[in-house]
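The next block holds one structure in the form of structure tokens; read it before the comments.
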Amino acid sequence: MARKPKLYTRLPGVTYKNFGKHTLWKGPDHLLLMYSNGMSEDYKRFYYKDILGIVTRKTASGTVVLLVILSLFLLTAGFSWHLSRLVDYLPGAVFLGITAAVFFIYLIALLIKGPSCECRIITAVQDETLRAVSLMKHARKLMTALKPLIVSAQGSMSADAVPQALETLDGLKHSREKGRTILKQSELAGKVTNPRIANMFNTALHGSLLFFAVTVAASLSQRTLLLVSLAYIFLFTAGLSSAGVLTTQGPHRSAPALKKLAWTGMAFVLAAFIQSYGEMLVLFMVKSFKGQITMDQFDMFRQYYSLKPLDYSVVTVMESVKIGAAALLGIPGVLLTVIHGRSHHESH
Amino acid sequence: MDCPRCHTPLAPANINTDRFERCPSCGAHVRADLFPAAFSAGKKTETAEKVIDGSGSGCFYHPDKKAVVHCGSCGRFLCALCDVELSAGEHICFSCLETGKKKKKRVDLEHHRTLYDGIALRLATIPLLIFWFTLITAPVALYMSIRYYRAPGSIIPRTRVRFIAAGILSACQIAGWIAGIYMIAT
Numbered sequence: 314m315a316r317k318p319k320l321y322t323r324l325p326g327v328t329y330k331n332f333g334k335h336t337l338w339k340g341p342d343h344l345l346l347m348y349s350n351g352m353s354e355d356y357k358r359f360y361y362k363d364i365l366g367i368v369t370r371k372t373a374s375g376t377v378v379l380l381v382i383l384s385l386f387l388l389t390a391g392f393s394w395h396l397s398r399l400v401d402y403l404p405g406a407v408f409l410g411i412t413a414a415v416f417f418i419y420l421i422a423l424l425i426k427g428p429s430c431e432c433r434i435i436t437a438v439q440d441e442t443l444r445a446v447s448l449m450k451h452a453r454k455l456m457t458a459l460k461p462l463i464v465s466a467q468g469s470m471s472a473d474a475v476p477q478a479l480e481t482l483d484g485l486k487h488s489r490e491k492g493r494t495i496l497k498q499s500e501l502a503g504k505v506t507n508p509r510i511a512n513m514f515n516t517a518l519h520g521s522l523l524f525f526a527v528t529v530a531a532s533l534s535q536r537t538l539l540l541v542s543l544a545y546i547f548l549f550t551a552g553l554s555s556a557g558v559l560t561t562q563g564p565h566r567s568a569p570a571l572k573k574l575a576w577t578g579m580a581f582v583l584a585a586f587i588q589s590y591g592e593m594l595v596l597f598m599v600k601s602f603k604g605q606i607t608m609d610q611f612d613m614f615r616q617y618y619s620l621k622p623l624d625y626s627v628v629t630v631m632e633s634v635k636i637g638a639a640a641l642l643g644i645p646g647v648l649l650t651v652i653h654g655r656s657h658h659e660s661h
Numbered sequence: 005m006d007c008p009r010c011h012t013p014l015a016p017a018n019i020n021t022d023r024f025e026r027c028p029s030c031g032a033h034v035r036a037d038l039f040p041a042a043f044s045a046g047k048k049t050e051t052a053e054k055v056i057d058g059s060g061s062g063c064f065y066h067p068d069k070k071a072v073v074h075c076g077s078c079g080r081f082l083c084a085l086c087d088v089e090l091s092a093g094e095h096i097c098f099s100c101l102e103t104g105k106k107k108k109k110r111v112d113l114e115h116h117r118t119l120y121d122g123i124a125l126r127l128a129t130i131p132l133l134i135f136w137f138t139l140i141t142a143p144v145a146l147y148m149s150i151r152y153y154r155a156p157g158s159i160i161p162r163t164r165v166r167f168i169a170a171g172i173l174s175a176c177q178i179a180g181w182i183a184g185i186y187m188i189a190t
């Protein structure tokens with residue numbers, strides 16, 4: 314029996330998102346964008362003759378992930394090395410060492426992957442993000458593979474011909490009008506979601522995170538009710554502010570980076586609360602095993618803040634991770650907020 | 005063509021350079037490739053001509069409009085308005101387009117497919133974690149592997165190895181259950 318001819322060949326780029334994977338396939342006369350979750354597939358087709366343009370933008374998300382993983386690797390490796398020198402903490406040192414090795418492998422993988430990007434394909438009726446293409450090297454390979462096919466379907470256009478053609482053809486006018494509409498929409502969105510309020514929330518979020526880092530660092534040596542309470546007030550403020558940022562932020566300049574930071578900030582606040590509550594529960598369980606049962610929440614909190622973190626390596630590691638993460642989020646957040654606020658002020 | 009970050013129109017000099025250029029407004033590294041179709045996109049679409057003095061055939065859907073092509077599927081004459089040009093110069097009418105989409109007669113019109121092999125394999129493997137579930141899922145997985153073995157799968161190249169694996173695994177699970185029940189009974 315004759316084998317079916319292959320209709321599609323795989324193009325570079327794959328992204329795992331939303332419990333599935335996004336891939337790109339080269340068809341005889343179209344590009345196939347496929348999302349598959351293993352149980353079903355969704356397709357989008359872009360005919361070579363209909364593709365008006367492809368826009369690729371280098372993004373900073375790859376670098377941000379790289380820096381976060383590098384920090385986590387340094388943190389875990391450092392603590393592992395520190396604990397390995399103490400005889401009683403050898404299992405902890407081995408555990409942290411394995412964790413550091415995992416971070417190191419991930420770090421190498423990220424370095425091999427290279428910088429990240431965002432790729433958009435434009436037709437007369439669609440403006441679609443090619444989610445499968447999230448790396449610069451994949452974007453370059455994709456363009457090398459795709460360009461000859463589009464050129465054979467539409468003909469080529471030199472770089473010199475673009476300015477003249479853009480000036481004379483109606484298509485440009487249409488796109489300009491469209492561009493103006495987009496600008497108007499963003500202005501309207503800016504009015505509805507007042508950038509000043511968004512900026513205020515951003516400042517509160519990142520400022521609270523930085524204050525949280527400082528108070529937690531201070532409570533490492535001098536753990537008092539005031540310091541621990543202050544730390545959790547700052548954490549609570551950060552949580553509320555991140556919700557404020559996400560609800561008020563408009564589609565203005567450099568907003569995506571701040572939005573991502575706000576999401577990360579919110580995740581951090583949740584993780585920190587869960588971790589603290591877990592720590593309190595562990596303390597409660599330990600006390601109950603020893604027969605010192607505490608049913609009063611405030612008493613539990615009092616016992617929690619009266620812990621000396623430096624006496625317990627696990628608490629020290631947890632508190633240090635919290636300080637590091639809060640500082641890592643707070644410092645770039647404050648810088649971005651200042652830059653964003655200044656650029657917004659200049660544009661007005 | 006706008007910068008994806010700040011939505012400012014890109015400078016013509018920064019388009020089709022085959023390399024990443026800085027957006028003059030926000031400084032983002034952007035590579036923009038523009039193709040000739042962009043220039044025809046804004047032009048007016050073709051309008052259907054009227055039939056004058058009874059000369060020429062009329063459109064099936066608009067009898068007063070001149071037919072320019074016939075539907076490649078049902079053979080009806082179509083005017084420029086009713087003509088839908090598919091890939092490789094194939095012309096069909098809206099009715100055939102809709103029928104082809106509904107009855108999944110045309111692969112190039114499909115935008116969703118269920119992967120029965122993937123479902124069967126998951127049914128045969130994941131419940132193994134809590135093996136009691138396999139009492140129900142194994143027969144279902146076996147049924148799916150047999151029932152949908154010849155059903156259209158993915159439109160991209162894909163073997164039927166998942167069906168075979170799901171069939172073997174679920175058959176083993178059923179055999180295990182039968183053996184277990186038999187041993188308990190005897």
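Chains W and V, in that order, are what the protein sequence lines are.
In terms of the working numbering, the first sequence is residues 314 to 661.
In terms of the working numbering, the second sequence is residues 5 to 190.
No residue lacks a Cβ here, since even glycine has one placed at the ideal position from N, Cα and C.
Rounded straight-line distance, which links the Cα of residue j to that of residue i
| i | j | result |
| --- | --- | --- |
| W/T457 | W/G578 | 39 Å |
| W/F525 | V/T12 | 38 Å |
| W/V381 | W/L423 | 11 Å |
| W/T328 | W/D355 | 15 Å |
| V/L146 | W/L337 | 32 Å |
| V/R151 | V/V144 | 10 Å |
| V/I172 | V/G76 | 45 Å |
| W/H519 | V/L119 | 46 Å |
| W/V630 | W/S542 | 20 Å |
| W/A580 | W/A640 | 15 Å |
| W/Y321 | V/I159 | 8 Å |
| V/N18 | W/G427 | 24 Å |
| V/P131 | W/M347 | 28 Å |
| V/V73 | W/Q467 | 23 Å |
| W/G643 | W/K330 | 27 Å |
| W/F547 | W/S619 | 19 Å |
| W/F549 | W/L596 | 22 Å |
| W/L387 | W/A406 | 14 Å |
| W/L383 | W/S393 | 15 Å |
One or two residues paired with residue i in a DSSP bridge
| i | result |
| --- | --- |
| W/T328 | W/H335 |
| W/S429 | W/T372, W/L448 |
| W/S349 | W/K334, W/E354 |
| V/A41 | Note: V/A41 sits in no beta bridge, so no partner. |
| W/E441 | W/I434 |
| V/A36 | W/V368, V/I19 |
| W/L344 | W/K339, W/F359 |
| V/K70 | V/G62 |
| V/I96 | V/V88 |
Any non-hydrogen atom of the ligand MN within 6 Å of residue i CB
| i | result |
| --- | --- |
| V/C27 | Within the structure as shown, the ligand MN is missing, as the structure has no ligands at all. |
Distance between beta carbons of residue j and residue i, contact taken as under 8 Å
| i | j | result |
| --- | --- | --- |
| W/R453 | W/E441 | In fact, because the Cβ distance is near 19 Å, the residues do not count as touching under 8 Å. |
| V/D37 | V/K54 | The Cβ separation is near 41 Å, so there is no contact. |
| V/A41 | W/D363 | 6 Å |
| W/L455 | W/G326 | 6 Å |
| V/A142 | V/I185 | Actually they do not touch by this definition, with Cβ atoms about 13 Å apart. |
| W/L553 | W/T650 | Their Cβ separation, rounded to whole angstroms, is 16 Å, which puts W/L553 and W/T650 out of contact at 8 Å. |
Local Cβ density within 10 Å of residue i, reported as buried at 16 or more and exposed below that
| i | result |
| --- | --- |
| V/P8 | buried |
| V/E94 | exposed |
| W/K635 | buried |
| V/M187 | exposed |
| W/N512 | buried |
| V/R166 | buried |
| W/F332 | exposed |
| V/C83 | buried |
| W/Y401 | At residue 401 of chain W the sequence reads Asp, which differs from the Tyr that was named. When all chains shown are included, W/D401 counts as exposed. |
| W/P461 | exposed |
| V/D6 | buried |
| V/L125 | buried |
* To do: Output, in sequence order along the chain, the residues in the stretch 355-370 of chain W whose CB is closer than 8 Å to any CB in chain V.
  => Within the stretch 355-370 of chain W, the qualifying residues are D355, Y356, K357, R358, Y360, K362, D363, I364, L365, G366, I367, V368, T369, R370.
* Asked: Mind listing which residues of the stretch 119-142 of chain V have their C-beta closer than 8 Å to chain W's C-betas, in chain order?
  -> Result list: L119, G122, I123, R126.
* Residues from the stretch 426-439 of chain W in contact with chain V, defined by Cβ distance under 7 Å -> So the list reads E431, R433, A437, given in the order they occur along the chain.
* Check distances from the C-beta atoms of the stretch 338-355 of chain W to those of chain V and list, in chain order, the residues that come in under 8 Å. => Residues passing the 8 Å Cβ filter: W338, P341, D342, H343, L345, M347, S349, G351, M352, S353, E354, D355.
* Closer than 9 Å, Cβ to any Cβ of chain W: which residues of the stretch 26-42 of chain V, in chain order? -> Per Cβ criterion, the list reads C27, S29, C30, A32, H33, V34, R35, A36, D37, L38, F39, P40, A41, A42.
* Which residues, in chain order, does the stretch 152-165 of chain V contribute to contact with chain W at a C-beta distance below 8 Å? -> Within the stretch 152-165 of chain V, contact with chain W at the beta-carbon level (separation under 8 Å) is assigned to S158, I159, I160, P161.
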